[in-house]
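Here's the structure we're looking at; comments come further down.
Residue numbers (this note's numbering): 323 to 668.
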């Protein structure tokens with residue numbers, strides 16, 4: 323009936339609502355977030371909770387719980403320790419310094435506007451001291467991935483335009499379920515295959531699926547045959563590979579930035595992708611309205627290829643330790659070594 327789309331929308335919204343509730347009640351806040359505001363007791367409690375979930379019940383003798391005194395003592399040592407930097411001379415290495423922990427627990431709370439201003443200023447930090455070499459490629463990959471993902475919005479309209487005998491809303495719902503095996507495959511392979519390789523694999527699979535869909539759409543327009551099974555299968559494959567790419571890229575982007583700008587760096591990259599997400603909706607909407615599905619799917623396939631080529635230039639973070647600071651000296655040494663090797667080869 324005319325209200326069928328409401329049921330479809332409600333069913334597709336339900337998993338998101340359930341996931342939000344599970345995160346709210348079961349996922350603890352980051353201890354580092356508590357420390358950044360001087361909330362030491364809550365940071366200790368969150369750390370012990372995470373440790374208990376990872377290694378079992380702490381009280382059962384697996385490990386001694388962290389105490390407030392131990393954490394304050396460690397932070398005092400970190401704060402007083404200084405390092406020498408090869409490029410800029412003696413300076414304090416970027417580390418976690420908790421406001422208020424050295425002079426009592428009454429740390430002053432920053433205003434929302436001041437925190438927002440600091441956040442905007444921190445955006446520039448992901449482009450200085452050579453960090454742009456990490457940021458820019460990931461930005462481009464997100465941009466291309468959002469252009470590919472834009473196809474997802476139009477699946478129901480695509481199914482309807484192809485005049486398939488199977489109900490378009492039913493196909494869209496079943497096709498959405500394909501993301502479940504996509505997430506399971508990504509979770510299984512992300513540490514075995516590696517972040518970057520899984521991103522490349524996802525782009526290859528998504529590009530091929532869209533390309534085959536473009537040929538199938540052209541064949542349907544020419545012959546008028548019903549190819550519901552083929553279209554549905556390729557759409558499911560596309561969703562699986564797209565899901566693998568998203569999960570791998572989110573993981574790689576988060577691990578690529580030092581702690582101080584980790585959230586900022588990923589936010590800048592995701593925000594860049596949103597521009598493509600908005601722009602492609604106008605483009606794809608126009609193409610769907612003109613029944614130019616092969617062209618629309620081909621654009622998505624080309625965007626996946628572009629993302630693949632740029633993803634090759636990213637740095638794989640699989641099994642690599644997370645950094646609290648950006649090692650600019652090491653970056654310069656790597657660049658000099660690469661330059662010297664290139665000159666010798668010439």
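All C-beta atoms in this analysis are idealised placements derived from N, C-alpha and C, irrespective of residue type, glycine included.
Being a predicted model, the structure only gives us computed values, none of them experimental.
Checklist entry - Is the distance from the Cβ of residue 697 to the Cβ of residue 587 below 9 angstroms? => result Residue 697 cannot be examined here, being either before or after the span of the chain that is shown, 323 to 668.
Item to check | Where the alpha helix (DSSP H) through residue 549 begins and ends | outcome: Taking the chain shown and counting its residues from 1, the one referred to as residue 549 is at position 227. Looking at the DSSP string, residue 549 is not in any alpha helix (DSSP H), and its letter there is neither H nor E.
Item to check | Contact set for residue 640: own chain, Cβ-Cβ below 7 angstroms, skip 5 residues either direction | outcome: Translated into the one-based positions of the chain shown, residue 640 becomes position 318. Here residue 640 has 513, 516 and 517 as same chain residues with Cβ atoms under 7 angstroms from its own Cβ, once five neighbours each way along the sequence are excluded.
Next on the checklist: If distances are taken between C-alpha atoms only, which option among 595, 615, 521 and 493 comes closest to residue 533?
Outcome noted: As a first step, residue 533 is located in the chain shown; it is residue number 211 there, counting from the start. Residue 533 has its Cα closest to that of 615, out of 595, 615, 521 and 493.
Item to check | Nearest-angstrom Cα separation, counted from residue 506 out to residue 405 | outcome: In the chain shown, residue 405 corresponds to position 83, counting from 1. In the chain shown, residue 506 corresponds to position 184, counting from 1. At residue 405, the pLDDT of 46 sits below 50, so the modelled position is not reliable and the matter cannot be decided from this model.
Checklist entry - Measuring CB to CB, does residue 524 end up less than 9 angstroms from residue 465? => result In the chain shown, the residue the question calls residue 524 occupies position 202. In the chain shown, the residue the question calls residue 465 occupies position 143. Not in contact: residue 524 and residue 465 (Cβ atoms no closer than 9 angstroms).
Item to check | CA nearest to the CA of residue 353, picked from 342, 337 and 371 | outcome: On the chain shown, position 31 is the one that residue 353 refers to. Closest by C-alpha distance to residue 353, out of 342, 337 and 371, is 371.
Item to check | For residue 614, the first and last residue of its enclosing alpha helix (DSSP H) | outcome: Sequence index remark: in the chain shown, residue 614 carries index 292 (1-based). Unbroken run through residue 614: none, as it is neither H nor E.
Item to check | Nearest to residue 630 (by Cα), restricted to the options 502, 584 and 470 | outcome: For the purposes of this step, residue 630 is identified with residue 308 of the chain shown, where counting begins at 1. Comparing alpha carbon positions, the residue from 502, 584 and 470 closest to residue 630 is 470.
Next on the checklist: For residue 503, which residues in the same chain have their Cβ closer than 8 angstroms to its Cβ, ignoring the five residues on either side in sequence?
Outcome noted: Here residue 503 corresponds to residue number 181 of the chain shown, with the count starting at 1. Counting only Cβ-Cβ distances below 8 angstroms, and skipping sequence neighbours, we find 562.
Item to check | Same chain only: Cβ atoms within 7 angstroms of residue 382, ignoring 5 sequence neighbours per side | outcome: If you number the chain shown from 1, residue 382 lands on position 60. Confidence is the limiting factor: at residue 382 the pLDDT is only 46, short of 50, which leaves the residue's position unreliable, though a coordinate-based value still follows. Cβ contact annotation for residue 382 (same chain, cutoff 7 angstroms, sequence separation greater than five): none.
Checklist entry - What residue does the alpha helix (DSSP H) around residue 642 start on, and which one ends it? => result Within the chain shown, the letter at position 320 stands for residue 642. Looking at the DSSP string, residue 642 is not in any alpha helix (DSSP H), and its letter there is neither H nor E.
Checklist entry - Between the C-alpha atoms of residue 545 and residue 566, what's the straight-line distance to the nearest angstrom? => result What you label residue 545 is simply residue 223 of the chain shown in a count that begins at 1. What you label residue 566 is simply residue 244 of the chain shown in a count that begins at 1. Their backbone Cα atoms lie some 34 angstroms apart in a straight line.
Checklist entry - Are residue 623 and residue 536 touching if we call contact CB-CB under 9 angstroms? => result One-based indexing of the chain shown puts residue 623 at position 301. One-based indexing of the chain shown puts residue 536 at position 214. In this structure, residue 623 lies near residue 536, with their beta-carbon atoms less than 9 angstroms apart.
Item to check | Buried/exposed call for residue 439, threshold 16 Cβ in 10 Å | outcome: For the purposes of this step, residue 439 is taken as the residue at position 117 of the chain shown. Of the other Cβ atoms in all chains shown, fewer than 16 fall within 10 Å of the Cβ of residue 439; this residue is therefore exposed.
Next on the checklist: What does the Cβ neighbour count give for residue 436, buried or exposed, with the cut at 16 atoms within 10 Å?
Outcome noted: Walking along the chain shown from the start, residue 436 turns up at place 114. Residue 436 comes out exposed.
Item to check | alpha helix (DSSP H) segment containing residue 477, residue limits | outcome: Working through the chain shown from its first residue, we reach residue 477 at position 155. Counting along the chain, the alpha helix (DSSP H) containing residue 477 begins and ends at 477–483.
Item to check | Cβ pair count under 8 angstroms reaching 3, the segment 580–598 against the segment 444–456 | outcome: As far as the Cβ criterion goes, the segment 580–598 touches the segment 444–456, which means the pair count is three or higher.
Next on the checklist: Just to confirm my understanding: we take residue 508, look at its own chain, exclude 5 residues before and 5 after, and list those with CB closer than 7 angstroms. What are they?
Outcome noted: In the chain shown, the residue the question calls residue 508 occupies position 186. Result list for residue 508: 520, 565, 566, 569 and 570, in chain order.
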